[in-house]
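Add 897 to the 1-based position in the sequence shown for my numbering, that's all there is to it.
One structure below.
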Amino acid sequence: MIFEMRASDLPEILDMERQYFGRMAWNPSDFTSALDSAYDLPLVFREEGRTLAYSVLRILGPEAEIENLCVLESARRRGIGAMLLDQMLSLSSERGVSFVYLEVREGNLPARKLYEGRGFLRERVRRDYYRYPSEDGIVMRKELKKG
898 MIFEMRASDL
908 PEILDMERQY
918 FGRMAWNPSD
928 FTSALDSAYD
938 LPLVFREEGR
948 TLAYSVLRIL
958 GPEAEIENLC
968 VLESARRRGI
978 GAMLLDQMLS
988 LSSERGVSFV
998 YLEVREGNLP
1008 ARKLYEGRGF
1018 LRERVRRDYY
1028 RYPSEDGIVM
1038 RKELKKG
């Protein structure tokens, strides 16, 4: 189930973050800032007391950005990432957001397929945006319908 992220979730989240993002991983203060921010909505997907996925959505006026979305490898292909994404889109819509943005590694085809399936469109490419390894970042945008 999806819950608001708590400080007690951070040890599991930081382990996942280091495992999947390596040198590009968020550090503890990034997550602490998200927990304390009036603009960020950090979420976790927990099952049987274990964190299987997490996300951070930032809402700034009429725009939102998906800052982070990660699913434990052993829990992938179960729709958990889609559930978190749908929850973030719903929260954005409830708060009057017009556009939701995200950025994804060009080579992350499963994530790109998920985002495209939810109506995100490729807006631009940031050449060599990612490091370790170097890879282009694809900026995607989804317009939310009003009313």
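Beta carbons are placed, not taken as given, at the ideal position from N, Cα and C, and that holds for glycine.
Pairwise C-alpha distance: PRO959 and VAL994: 4 Å
Work out the CA separation of ASP906 and GLU945 for me, nearest whole Å. 13 Å
Three-state secondary structure (DSSP) of TYR951: strand
I'd like the list of long-range same chain contacts for GLU962, defined as Cβ closer than 6 Å, with 5 residues on each side in sequence excluded. ARG955, TYR998
Just to confirm before moving on: does the CB-CB distance between ILE977 and ALA1008 stay below 8 Å? no
Any contact between the stretch 903-918 and the stretch 963-982? By contact I mean 3 or more CB pairs, one from each, below 8 Å. yes
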